[in-house]
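> Going by this note's numbering, the sequence shown opens with residue 1032, and the numbers climb by one from there.
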Amino acid sequence: MNTNTQLTIAASIIAAALVVAALLLSLNGGLPSTKRFDIVMENNSYNPSEIVASVGDRVIINFTNRDSVDHGIALPQFNATVPGGHVPAGGTARMEFIADRPIDTDAAVCGGPNPSDKTDDHGEELIVRII
Ligand SMILES: [Cu+2]
């Protein structure tokens, strides 16, 4: 077997592997993507106050807190929070997680995570839906 034959065989194996990988990805709904959100906290409400991503996505949320109080944020389902658990008054913070399962919850934890409670501490809500 000469070198050209070996290269051809190697190229064929790589091509076949790529086809299989593409098929598996298409069966799985495609490559997970990164979803980025910028959320402004002001007057004890969040804008946007609801975010939606897909299962498998990497989710990055950048918070800007324009209020004079800290705001707590956590998604214990994904072991995700911001440094210290709060976006500091007048400051910023970043949260990142892999959305590995569907969820519909409230990530605002000033008054404890409770998706049905629209009046927890400071009144703010951040609905996180992973579909
Ligand atoms: Cu708060």
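A virtual CB, placed ideally from N, CA and C, is assigned to each residue, including glycine.
The structure presented is a predicted model; accordingly, all values stated were derived computationally and were not measured.
Does the beta carbon of residue 1074 fall short of 8 Å from some heavy atom of ligand 1?
In the sequence shown, counting from the first residue as 1, residue 1074 sits at position 43. No; taking the cut-off as 8 Å, the Cβ of residue 1074 has no heavy atom of ligand 1 nearer than that.
> Tell me which residue opens and which closes the beta strand (DSSP E) that residue 1114 is part of.
Taking the first residue of the sequence shown as 1, we reach residue 1114 at position 83. First-last of the beta strand (DSSP E) with residue 1114: 1111-1118.
> Which same chain residues end up closer than 6 Å to residue 1155 when comparing Cβ atoms and leaving out the 5 residues on each side of it in sequence?
To locate residue 1155, count along the sequence shown from 1; it is residue 124. Excluding positions up to five away in sequence, the list reads 1075, 1076, 1077 and 1139.
> Sorry if obvious, but does the Cβ on residue 1103 come closer than 8 Å to a heavy atom of ligand 1?
Numbered from its first residue, the sequence shown carries residue 1103 at position 72. The answer is yes for residue 1103.
> Could you tell me which of 1099, 1109, 1131 and 1126 sits nearest to residue 1120, measuring between CA atoms?
To locate residue 1120, count along the sequence shown from 1; it is residue 89. The shortest Cα separation from residue 1120 among 1099, 1109, 1131 and 1126 belongs to 1099.
> Residue 1141: which of 1101, 1110 and 1159 sits nearest, CA to CA?
Your numbering for residue 1141 matches position 110 in the sequence shown. Comparing Cα-Cα distances from residue 1141 to each of 1101, 1110 and 1159, the minimum goes to 1101.
> Please say whether residue 1091 and residue 1066 have beta carbons closer to each other than 9 Å?
Taking the first residue of the sequence shown as 1, we reach residue 1066 at position 35. Taking the first residue of the sequence shown as 1, we reach residue 1091 at position 60. Contact: yes.
> Less than 9 Å separating the beta-carbons of residue 1082 and residue 1094?
One-based indexing of the sequence shown puts residue 1082 at position 51. One-based indexing of the sequence shown puts residue 1094 at position 63. Not closer than 9 Å, so no.
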